[in-house]
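Quick notes on the structure that follows.
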Amino acid sequence: MKNNLTNNKMLTIALLFIFKANGLTADNLNGLQVVQKAYNKPEPKTQQAVLKMTLVSSSGGKRERILKQFVSNNGKTEKKIMFFEKPSDVRDTSFMNFSYDNGKPDDQWIYLPALKRVKRISNDSKGDYFMGSDFTYDDLGDRNPNDDNHQILKEEILKNENCYVVVSTPKDKNYMYSKTVTWIIKDKWLVMKKVFYDTDGNLLKTLTMTGHEKINGYWIRTGSEMINEQTKHETIMKLSNIKVNVSIPDSYFSERRMKRGIK
Amino acid sequence: MKLNIFTMAAIIFMTANYGGLFAQENEINTEPENGKPAPEETSEAAVLSGYIRNYTGVLAKGGNDYAIIQNTFDIRLKKQTENAAFKANSIVYHNPEKDKDIELMLREAYVDLFFSSMDIRIGKQQIIWGKADGVFITDIISPKDMREFLLPDFEEIRIGVTGAKSNLYLNDHALEIIWLPVFSAAIPPEAGSIWRPEPSFPVSPVFHNDKEEVDGSLKNSEVFAKYSLMTSLIDLELIGGYTWDDEPVMHAYKTIDPATKQITALDIYPEYHRLTAGGGSFTFTIDPLVLRGEAAYYKGKYFNSTDPALLDSFVKKDYVNYMAGADFTIWDIKNSAQFIQKIILRHTSDLHDKKFQNLATYLISRDFFNETLNLQFFVYYDIDNKSSLMRPKITYKYADGFDILAGANIFTGSEGKFGQYNKNDMVYTKITYHF
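Structure representation (structure tokens):
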């Protein structure tokens, strides 16, 4: 028995040494490969859902935002259009984003019903917070793995899910985060948790996945919470009425539809 | 007036509930990819929305008189299906300081018909063109309500026009054709308003208003067309219009005593004139800038002249108006800059207006505390007259749909479009509840 224990300890130490030495997981994946697997996980061609965001202030005050979103991805371009329903002062506002796989900057437009005009807006706004939430536009999208350097930190069981823990540091020194630490569920390739550090290296935000479902064969995150650790402001995000691979014509992603809205 | 409001509301509700045209049909096919798409039937009622607002402004100079004290009830009813929609928007202004304290306006009331590659909108509607902010270049369709100068929200400045609008779509291209059978004029500031500087006349003028109306007839229709393209590279619009100048020309005929050479009588004939306009606008992105441009050529505008050979003091000229602008963000502060120039072609020295008129605008805006607080500063600067209108404001979102705004309108200079109002500096609050 003693010999077995000794052998196990030695094996563990050896594995850790190997893991630390070459930055590989037990599956021989390096940090970039893990993040790439999450980035390239099977996604439906189209997805529609109702998104509800509850914004909770540090004093407990709540505000609610509800919107309908439609996403189409042909492998080269991801098109997303959102129609705001609540609160009442932003009702009928719509937002459209085209994201390109070849690294080309996103195209973004917003329709403001009071102005009755579709405006092209700067894709430089990725660091802006989305509708007053704790999510930036960049947090809501899938960041290209090649924009960061990745290192496997450890493997860990979190909420009964086996996760890789990856630390990512941006290649662009002007990026809004100095580093992120991400818990990625093995096999599902979903982000279970993500911790963001500000440009001074201080803990800024913690993202936690609160729900996920397999819908038509695709793992979809249905709930998440983002807490700003510095202001203690919190955003609870829930997706409902999720439909994947439904027929959404390309004409849906247009100025016409932004103005017309949906009902 | 109350009866009118309730009658209108009743009509709106009856239309909403019994409009057979608005059979329910949802938009998106919801079967999985291996099944045949099928429309999802839903039952959705008309949506009632709007806002209630108190707007109180005090003049900073001249005894702290009220510049405005107004309660507003804006109500909108909208119902939309896949094939059709309707919208009605009426607004009630309560101005306790004015003689006519209640004012009811129908801003929009229209029906939409949607086809696969075409939409048709018929009724009273606001139509807005162009890419410029705070200035009107190719935005030539909806006339302006200038009773409070440029201070109201732009949704309130633009007057709804009655007509038919058709939009045709082909991929990224769209063609919009508008026919307005009924002319709608701009609304000038009321007599006695702080926004209506009274012109000085050598003698008391006599106004002859018999030519002021534009009769509703096919001949007097206005027509407009716009081609637009929205691509990843650029958003582009090309426009044209055969319209009426929304503001009447005040043709002034002088009677001069041959002995004294003095003006003994002044007869003013307000008259609307035709105007033809063509132009375009664009927007594109060069990281981190969004660049905007807009230009229009106007044919047949009347300009005030001191030429003694002119009987009515007006001469017809063409002019060009253009804007170049950029939007960008620095340290979470949104910036927007515009330069606007108006050029009168074949300009002569007798014209009251200069050949080149230069204007600049600048907007700075920043959100704080998860968008519960917004600070904004907007300025119009009249480069030629060195006068400006500065508009700082702070908006606090007390709760969802409930805003408290405090702001100021500060006029600098003594001449020109803004300097003439240098006694109208005001501070104001707007408290708004959206429902």
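Residue numbers (the working numbering), protein chains in the order written: chain B, 8 to 270; chain P, 570 to 1004. Ideal Cβ placement from N, Cα and C applies to all residues, glycine included.
Query - Pick from P/890, P/785, P/835 and P/996 that is closest to residue 846 of chain P, judged by C-alpha positions - result: Cα-wise, what sits closest to residue 846 of chain P is P/890.
Query raised in the report: Cβ atoms of residue 126 of chain B and residue 116 of chain B: under 8 Å apart, would you say?
Result: Taking 8 Å as the Cβ cut-off, residue 116 of chain B and residue 126 of chain B qualify as a contacting pair.
Query raised in the report: Between residue 104 of chain B and residue 87 of chain B, is the Cβ-Cβ spacing less than 8 Å?
Result: Contact: yes.
**Report entry** Three-state class that DSSP yields for residue 98 of chain B in the structure shown
**Finding:** Correct three-state label for residue 98 of chain B: coil.
Query raised in the report: Applying the criterion that 16 or more other CB atoms from any shown protein chain within 10 Å of the CB defines a buried residue, is residue 687 of chain P buried or exposed?
Result: Taking every protein chain shown into account, the CB of residue 687 of chain P has fewer than 16 other CB atoms within 10 angstroms, so this residue is exposed.
Query raised in the report: Are the stretch 234 to 244 of chain B and the stretch 207 to 224 of chain B touching, with three or more C-beta to C-beta distances below 8 Å?
Result: Between the stretch 234 to 244 of chain B and the stretch 207 to 224 of chain B, the count of Cβ pairs shorter than 8 Å is three or higher; the stretches touch.
Query raised in the report: Nearest to residue 231 of chain B by CA position, among B/146, B/96 and B/43, is which residue?
Result: Among B/146, B/96 and B/43, the Cα nearest to that of residue 231 of chain B is on B/146.
Query raised in the report: Is there contact here, the stretch 803 to 820 of chain P with the stretch 837 to 852 of chain P, by at least three beta-carbon pairs under 8 Å?
Result: Because the criterion of three Cβ pairs below 8 Å is met, the stretch 803 to 820 of chain P and the stretch 837 to 852 of chain P touch.
**Report entry** Separation of residue 938 of chain P from residue 160 of chain B, as counted between CA atoms
**Finding:** So the alpha carbons of these two residues sit roughly 34 Å apart.
Query raised in the report: What does residue 268 of chain B touch in chain P if you count any residue whose Cβ is under 8 Å from its own?
Result: Taking the beta carbon of residue 268 of chain B as reference, the chain P residues within 8 Å of it are 649, listed in sequence order.
Query raised in the report: So the beta strand (DSSP E) residue 849 of chain P belongs to, where does it begin and stop?
Result: DSSP places residue 849 of chain P in the uninterrupted beta strand (DSSP E) bounded by 843 to 855.
Query raised in the report: Exposed or buried, residue 685 of chain P, counting other C-beta atoms within 10 Å across all chains shown (16 or more means buried)?
Result: Classification for residue 685 of chain P: exposed.
Report task. Could you tell me which residues DSSP pairs with residue 834 of chain P in its beta bridges? Result -> For residue 834 of chain P, which the question treats as bridged, DSSP gives the partners P/824.
Query - Three-state secondary structure (DSSP) of residue 580 of chain P - result: For residue 580 of chain P, the pLDDT reaches just 41, beneath the cut-off of 50, and the residue's location in the model is therefore unreliable, leaving the point undetermined.
Report task. Could you tell me the distance, in whole angstroms, from the CA atom of residue 626 of chain P to the CA atom of residue 975 of chain P? Result -> Answer to the nearest angstrom: the Cα atoms are 10 Å apart.
Query raised in the report: Of the residues that make up the stretch 711 to 726 of chain P, which ones have a beta carbon closer than 7 Å to any beta carbon in chain B?
Result: Within the stretch 711 to 726 of chain P, the qualifying residues are 722, 723 and 724.
Query raised in the report: In chain order, what residues of the same chain lie with their CB nearer than 6 Å to the CB of residue 725 of chain P, ignoring the 5 residues before and after it?
Result: Excluding sequence neighbours, residue 725 of chain P sits near nothing in its chain.
**Report entry** Runs of beta strand (DSSP E) wholly within the stretch 207 to 260 of chain B (minimum 3 residues, chain order)
**Finding:** Secondary structure in the stretch 207 to 260 of chain B: the beta strand (DSSP E) runs of 3 residues or longer, each lying completely within the stretch, are 210 to 222, 225 to 235 and 241 to 251 in chain order.
Query - For residue 265 of chain B, three-class secondary structure by DSSP - result: Here residue 265 of chain B carries a helix assignment [DSSP, helix/strand/coil].
Query raised in the report: Taking only beta-carbon atoms, is residue 1004 of chain P less than 8 Å away from chain B?
Result: Interface criterion met: the Cβ of residue 1004 of chain P is under 8 Å from a Cβ in chain B.
Query - Residue of P/739, P/897, P/820 and P/637 minimising C-alpha distance to residue 835 of chain P - result: Measuring C-alpha to C-alpha distances from residue 835 of chain P to each of P/739, P/897, P/820 and P/637 identifies P/820 as the nearest.
Query raised in the report: Can you find a CB in chain P that lies within less than 8 Å of the CB of residue 212 of chain B?
Result: Cβ-Cβ to chain P under 8 Å: no for residue 212 of chain B.
Report task. Apply the 10 Å Cβ neighbour rule to residue 591 of chain P and answer buried if 16 or more other Cβ atoms are within range, or exposed otherwise. Result -> For residue 591 of chain P, the predicted model reports a pLDDT of 45, less than 50, meaning its position is unreliable; a value from the coordinates is still stated below. Per the 10 Å Cβ criterion, buried.
Query raised in the report: How do the stretch 72 to 91 of chain B and the stretch 45 to 60 of chain B stand: do at least 3 beta-carbon pairs fall below 8 Å, yes or no?
Result: They touch, by the three-pair rule.
Query raised in the report: Is any beta-carbon of chain B found at less than 8 Å from that of residue 758 of chain P?
Result: The beta carbon of residue 758 of chain P sits no closer than 8 Å to any beta carbon of chain B.
Query raised in the report: What's the gap between the Cα of residue 664 of chain P and the Cα of residue 629 of chain P?
Result: Taking the straight line joining both Cα atoms gives about 20 Å.
Report task. Answer with buried or exposed for residue 107 of chain B, where buried requires no fewer than 16 other C-beta atoms within 10 angstroms of its C-beta. Result -> Looking at its Cβ environment, which holds fewer than 16 other Cβ atoms inside 10 Å, residue 107 of chain B is exposed.
Query raised in the report: Exposed or buried, which one is residue 917 of chain P when buried takes at least 16 other CB atoms within 10 Å?
Result: Looking at its Cβ environment, which holds fewer than 16 other Cβ atoms inside 10 Å, residue 917 of chain P is exposed.
Query raised in the report: Where do the ends of the beta strand (DSSP E) carrying residue 155 of chain B lie?
Result: For residue 155 of chain B, the enclosing beta strand (DSSP E) begins and ends at 155 to 165.
Report task. Examine chain B for any beta-carbon lying closer than 8 Å to the beta-carbon of residue 940 of chain P, and answer yes or no. Result -> It does: the Cβ of residue 940 of chain P has a partner Cβ on chain B nearer than 8 Å.
Query raised in the report: residue 780 of chain P by DSSP, collapsed to three states: which one?
Result: Residue 780 of chain P falls in the helix class under three-state DSSP.
Query - Distance CB(residue 129 of chain B)-CB(residue 62 of chain B) smaller than 8 Å - result: Going by C-beta atoms, residue 129 of chain B is not nearer than 8 Å to residue 62 of chain B.
Query raised in the report: Just to confirm, are residue 935 of chain P and residue 909 of chain P a CB contact at a threshold of 8 Å?
Result: Not in contact: residue 935 of chain P and residue 909 of chain P (Cβ atoms no closer than 8 Å).
Query raised in the report: Using a threshold of 7 Å, is the CB atom of residue 229 of chain B nearer than that to any non-hydrogen atom of the ligand ATP?
Result: Only the bare structure without any ligand can be found here, which leaves the ligand ATP out of the picture.
Report task. Taking 8 Å as the threshold, find out whether the stretch 985 to 997 of chain P comes into contact with the stretch 745 to 758 of chain P through three or more Cβ pairs. Result -> Not touching, per the Cβ criterion.
Report task. Note down, in chain order, every chain C residue with its Cβ under 8 Å from the Cβ of residue 695 of chain P. Result -> The structure shown contains no chain C; its protein chains are B and P.
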